[in-house]
Amino acid sequence: MNDSPSMPAPSASGTAPTADRPYEHRELMSFVRRSSRLDKRLQKAWDNYADTYLLDLPQVGGRELSVSPDFNFDHAFVKRTWGNSHPMIVEIGTGQGENIVAAAQNNPDVNFLALEVYRPGVAHALLKAGKYELANLRVAEVNAPDLMAVCETGLLNEVWTFFPDPWPKTRHHKRRIVQAPLAAEVHRALKTDGLWRIATDIEDYALHVHEVMDGRDDFDNIGTRIVSLPTEHVSKGTADTAASLPHADFTESERFDGRVLTNFEKKGIDAGRVIHDFTYRAR
Ligand SMILES: C[S@@+](CC[C@H](N)C(=O)[O-])C[C@H]1O[C@@H](n2cnc3c(N)ncnc32)[C@H](O)[C@@H]1O
């Protein structure tokens, strides 16, 4: 599989992952492995469509959902797999594939790769890809940062991370997938002017994105809507109390019109939460 001449990409920690020291800096995962049992319908989808749509990527021995650091996600692999060199968009944490399937249907001249660790989600994405006979979509059941780490420099036009798992407890914030090391890897994988689109319905995650991303000198936040969010949380209090708290001011984007309303987003809206959209352009 690894017949490309290009070297494995360096990891965000600055040292390239190797077979005996793979992704050491990433032992804290952004997900907890859940049941991979499929019901009859999803098992049938898997049996029918995995050969066509699921990428069988080499793993690090004994580490589920990993991608071997010896693998290169590069132009040559894209050409062999998608059969062309069209622009490439990668979605990190695709859920059930609702969004990327719709995008792939609407943009046949763009290649899409969905990354997801939850097997029933992967199976749903396969089911829809098969149902709509999408030639431009592939799905990988992998830990997304592992794939980003082996992505050829400048290969991607866009990366999407919509409604990442919130990990609300402070002691779990380190598990949030939007982190400085991933940002560095996404930046390296993107073309100059490529975009990382992020959306969340969790106010504290929006602050987290702002904290991780807005001080970076390798990305520009191209949002134009000015937002001011309190940086401390009070469970009870008046509007005056809230206004007197320290605030962070930053910019967000208008809703990305390439995003369909997924179940996750709908649940957030139904619960009265505000959606925060960010667009970061790689320098
Ligand atoms: C809250 S869901 C949102 C799904 C989808 N983006 C949407 O908007 O409907 C977050 C998804 O990210 C996936 N995920 C979390 N960490 C991941 C990782 N390291 N690699 C790939 N997928 C991941 C989870 O399994 C989950 O399906």
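First residue of the sequence shown: 1, per UniProt numbering; consecutive thereafter.
The beta carbon of each residue, even a glycine, is placed where N, CA and C say it ideally should be.
Close-in-space but distant-in-sequence residues of the same chain around residue i (CB under 7 Å, 5 per side omitted)
i: F265; result: The residue asked about is misnamed: residue 265 is Glu in this sequence, not Phe. So the qualifying residues of the chain are F163, D201 and I275.
i: A45; result: A123, L126, L127 and G130
i: P210; result: According to the sequence displayed, residue 210 carries His and not Pro. Hits under 7 Å: A248 and F250.
i: A102; result: V260
Three-state class that DSSP yields for residue i in the structure shown
i: F77; result: helix
i: Y132; result: coil
i: Y49; result: helix
i: L65; result: coil
i: S253; result: strand
i: R283; result: coil
i: E158; result: strand
i: R273; result: coil
i: R41; result: helix
i: V122; result: helix
i: V209; result: helix
i: L127; result: helix
i: D220; result: strand
i: F278; result: strand
Bounding residues of the alpha helix (DSSP H) (the contiguous stretch that carries residue i)
i: I100; result: E98 to N106
i: G268; result: N263 to D270
i: L147; result: A144 to A149
Nearest-angstrom Cα separation, counted from residue j out to residue i
i: E185; j: M148; result: 6 Å
i: R216; j: A180; result: 9 Å
i: R171; j: L28; result: 12 Å
i: V212; j: A183; result: 8 Å
i: A189; j: P246; result: 36 Å
i: S35; j: P145; result: 21 Å
i: T94; j: G62; result: 24 Å
i: V110; j: S244; result: 47 Å
i: Y280; j: G121; result: 27 Å
i: Q59; j: Y49; result: 21 Å
Contact set for residue i: own chain, Cβ-Cβ below 6 Å, skip 5 residues either direction
i: L65; result: V117, V142 and N143
i: Y205; result: P166
Range of the contiguous beta strand (DSSP E) that encloses residue i
i: P230; result: R225 to P230
i: M29; result: Unbroken run through M29: none, as it is neither H nor E.
Close Cβ partners of residue i (< 8 Å) along its chain, the five nearest in sequence each way excluded
i: R225; result: T251, E252, S253 and E254
i: E203; result: L229, R273, V274 and H276
What are the complete beta strand (DSSP E) segments, minimum 3 residues, inside the segment 164-205?
190-200
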